[in-house]
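First the structure, in the form of structure tokens, and then the observations on it.
Residue numbers (my numbering), protein chains in the order written: chain A, 1 to 187; chain B, 1 to 27.
See below:
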């Protein structure tokens, strides 16, 4: 799901030319996915390292940050992650419920440009992972295996002045998402 | 090390818009 969401964010927020994206169907809704091998590999490597943290409940947030030319964040798509409570409903019911919620969330991302101001030209992106205490050790193994090292993010990449909070979707599986939009990105 | 909560990012940057555009022109 995060992979689909990242592709769609990069398309909707015009970080990359629309020519590299192709329409696909995920969760029964049309989405735009990049067909650029290098970009796709980068996203896959990133998420491959994030996955064990999510599975062990070591990742508090996964944040897709859109940055301007000076590497200041102008938008943050925040995926707050917490373990779902132990559920008594059947896995089939849960799966279809989660699928419906993911579909709704994908649709929200598709139309989020309506509530966001335009980004300045020349933006790039990064993915930040907010880890819980003692989480980094779990990531160390996978980043060595994948030869995809992670470092502590710089303050300037993390700090955003007076962000405007735009809630997107709260799911009953406790995955909460919102966008931070920088108010003066065009100044 | 590796004890506390951190905000981590990949060391490598994703391909830039310019890099992607230049590979598109090569095709």
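The C-beta atom is built at its ideal place from N, Cα and C for all residues, glycine as well.
Under the Cβ distance rule, residue 22 of chain B does not count among the residues neighbouring chain A, no pair being separated by less than 9 Å. Sequence-ordered contacts of the region 13-28 of chain A with chain B read 15, 16, 17, 19 and 20 [C-beta pairs closer than 8 Å]. No residue range can be given for residue 81 of chain A, since it is assigned to no beta strand (DSSP E) and is classified by DSSP as neither H nor E. When Cβ-Cβ separations below 9 Å define contact, residue 38 of chain A makes contact with chain B. Taken through DSSP and simplified to helix, strand or coil, residue 105 of chain A comes out as helix. A distance below 8 Å between beta-carbons, with the five flanking residues on each side excluded, links residue 63 of chain A to the following residues of its chain, in chain order: 76, 77, 78, 79, 127, 128, 129 and 130. A straight line joining the alpha-carbon of residue 104 of chain A with that of residue 14 of chain B spans about 28 Å. In chain order, 11, 32 and 34 place their CB closer than 6 Å to the CB of residue 21 of chain A, counting only its own chain and leaving out the 5 sequence neighbours on each side. Annotation for residue 61 of chain A: no alpha helix (DSSP H) segment contains it, though the beta strand (DSSP E) segment containing it runs 59-67. In the structure shown, residue 182 of chain A adopts extended strand secondary structure according to DSSP, grouped into three states.
For a Cβ distance threshold of 8 Å, nothing in chain B lies close to residue 52 of chain A: the least Cβ distance comes to about 13 Å. Nearest in C-alpha terms to residue 132 of chain A, of all of A:151, A:58 and A:157, is A:58. Secondary structure of residue 167 of chain A (DSSP, three-state): strand. Residue range 2-12 is occupied by the alpha helix (DSSP H) that includes residue 8 of chain A.
Distances from the CA of residue 4 of chain A to each of A:17, A:13 and A:24 were compared; the closest alpha carbon is that of A:24. An exposed status is given to residue 159 of chain A, since fewer than 16 other beta-carbon atoms sit within 10 Å of its beta-carbon. In the three-state reduction of the DSSP assignment, residue 161 of chain A falls in the coil class.
DSSP, reduced to helix, strand and coil, places residue 76 of chain A within a strand of the structure shown. When A:182, A:81, A:93 and A:114 are compared, the shortest CA-CA separation from residue 60 of chain A is found for A:81. Annotated as proximal: residue 181 of chain A and residue 74 of chain A, with beta-carbon spacing under 9 Å.
Shortest Cα-Cα distance from residue 114 of chain A to any of A:2, A:45 and A:166 involves A:166. Secondary structure at residue 56 of chain A: coil, using DSSP grouped into helix, strand and coil.
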